[in-house]
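In numbering that gives the first Met the number 0, the protein residues as written are 0 to 201.
Idealized CB from N, CA, C, for every residue including glycine.
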Amino acid sequence: MRSTAVATAVAVAVLGTVVGCAGPQPTDSARLDAEAQEHAGPWADEFAMALEKSESDSEREILADGVVTPTELEQAHDGVRRCLADSGLSITYRREGGFDVGGRDGGSPGMPFEQSNAALEACETRFDAQVTFLFEQTRRNPARLDEATIEVECLVTAGVVEPSYGRKDWEADNETGDFPFDPMSEAAQACDRDPLGLWYER
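(1) Give the single residue among Pro41, Glu34, Ser57 and Ala35 whose Cα lies nearest to the Cα of Val130.
(2) What separation, rounded to the nearest whole angstrom, lies between the Cα atoms of Gln188 and Asp181?
(3) Taking C-alpha atoms, which residue in Asp85, Asp44 and Phe134 lies nearest to Ala118?
(4) Tell me Ser55's beta-bridge partners as DSSP assigns them.
(5) Specify the secondary structure class of Thr91 as computed by DSSP and reduced to three states.
(6) Tell me which same chain residues have a C-beta within less than 7 Å of the C-beta of Ser2, skipping the five on either side of it?
(7) Would the stretch 153-160 and the stretch 91-106 be scored as touching if the rule is three or more Cβ pairs under 8 Å?
(8) If you follow the alpha helix (DSSP H) that Gly176 is part of, which residue opens it and which one closes it?
(9) Where Val80 and Arg94 are concerned, what is the direct C-alpha to C-alpha distance, given to the nearest angstrom?
(10) Could you check where the alpha helix (DSSP H) with Asp77 kicks off and where it finishes?
(11) Taking the Cβ atom as the reference point for each residue, do Ile61 and Glu71 lie within a distance shorter than 9 Å?
(12) At which residues does the beta strand (DSSP E) containing Asp99 begin and terminate?
(13) Name the residue from Val66, Glu113 and Asp127 whose alpha carbon lies nearest to the alpha carbon of Ala35.
(14) Measure the Cβ-Cβ separation of Glu161 and Ala147 and say whether it is below 9 Å.
(15) By how many angstroms is the C-alpha of Ile149 removed from the C-alpha of Pro141?
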């Protein structure tokens with residue numbers, strides 16, 4: 000992997016983010032229409048909240064129908080690429096999720112982290128505050144099953160933890176960040192990215 004990190008995002012923002020509850024409900028003005036709600040399925044509230052919070056017309060256009068297609072994902076990514084290029088930066092998105100940010104020539108960013116990260120955040124606000132997140136989440140967990148449960152089942156199946164390691168154990172360890180296994184190991188990262196084994200099928 001090329002070492003150019005301004006920011007390196009794992010495929011999904013699972014730990015401490017999508018576990019357990021749906022979070023705040025969107026206001027009536029932000030709710031999806033009936034067809035979009037059907038498309039979004041169990042993720043309808045997340046699409047509606049993303050629409051409500053988005054500051055980007057292009058992003059709202061993508062999210063309004065309750066689904067993010069691969070073409071729309073690339074549209075959002077291309078917007079971020081072009082935006083970062085204006086700051087002398089480049090971004091490379093990985094197929095399995097996440098990204099690497101570097102200089103426009105492919106090397107290191109050549110500027111302080113605070114500066115490059117501010118540029119990244121500004122570009123994501125304009126083009127991809129939630130598009131990538133919702134694209135990935137609706138593919139890795141389309142039925143929006145309980146995150147802790149599917150994560151633990153994957154870890155047990157992969158032999159990362161013993162069968163006695165349960166949902167409550169994972170939740171407690173996730174709260175403290177102190178796991179009885181290396182969360183950055185290949186097997187643990189695979190379960191984080193794709194706990195149901197669906198990602199590459201979709």
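On the basis of the data shown:
(1) The sequence position of residue 130 within the sequence shown is 131, counting from 1. Of the listed residues, the one whose Cα sits closest to Val130 is Ser57.
(2) Locating residue 188 in the sequence shown gives position 189, counting from the first residue. Locating residue 181 in the sequence shown gives position 182, counting from the first residue. Gln188 and Asp181 have their alpha carbons spaced roughly 9 Å apart.
(3) As a working mapping, residue 118 is identified with position 119 in the sequence shown. When the alpha-carbon of Ala118 is set against those of Asp85, Asp44 and Phe134, the nearest one is in Asp85.
(4) What you label residue 55 is simply residue 56 of the sequence shown in a count that begins at 1. Paired residues: none, contrary to the question.
(5) For the purposes of this step, residue 91 is taken as residue 92 along the sequence shown, with counting starting at 1. In the three-state reduction of the DSSP assignment, Thr91 falls in the strand class, which pools E and B.
(6) Taking the first residue of the sequence shown as position 1, residue 2 is located at position 3. Bear in mind that a pLDDT of 34 at Ser2, under 50, signals an unreliable position, so the model cannot answer this.
(7) no
(8) The residue given as residue 176 occupies position 177 in the sequence shown. From DSSP, Gly176 is part of no alpha helix (DSSP H); its letter is neither H nor E.
(9) The residue labelled residue 80 in the question sits at position 81 within the sequence shown. The residue labelled residue 94 in the question sits at position 95 within the sequence shown. Inspection of the sequence shows that residue 80 is occupied by Arg rather than by Val. Arg80 and Arg94 have their C-alpha atoms roughly 16 Å apart.
(10) Translated into positions along the sequence shown, residue 77 becomes position 78. In the DSSP assignment, Asp77 falls within the unbroken alpha helix (DSSP H) covering Pro69 to Ala84.
(11) In the sequence shown, the residue the question calls residue 61 occupies position 62. In the sequence shown, the residue the question calls residue 71 occupies position 72. Cβ distance < 9 Å, so Ile61 and Glu71 count as in contact.
(12) Here residue 99 refers to the residue found at position 100 of the sequence shown. Here the beta strand (DSSP E) through Asp99 covers Phe98 to Gly102.
(13) Residue 35 sits at position 36 when you count from the first residue of the sequence shown. Cα-wise, what sits closest to Ala35 is Val66.
(14) As a working note, residue 161 is residue 162 in the sequence shown. As a working note, residue 147 is residue 148 in the sequence shown. No, Cβ-Cβ distance for Glu161 and Ala147 is not below 9 Å.
(15) Position 142 of the sequence shown, counting from 1, holds the residue named residue 141. Position 150 of the sequence shown, counting from 1, holds the residue named residue 149. When the Cα atoms are used, Pro141 and Ile149 turn out to be separated by approximately 12 Å.
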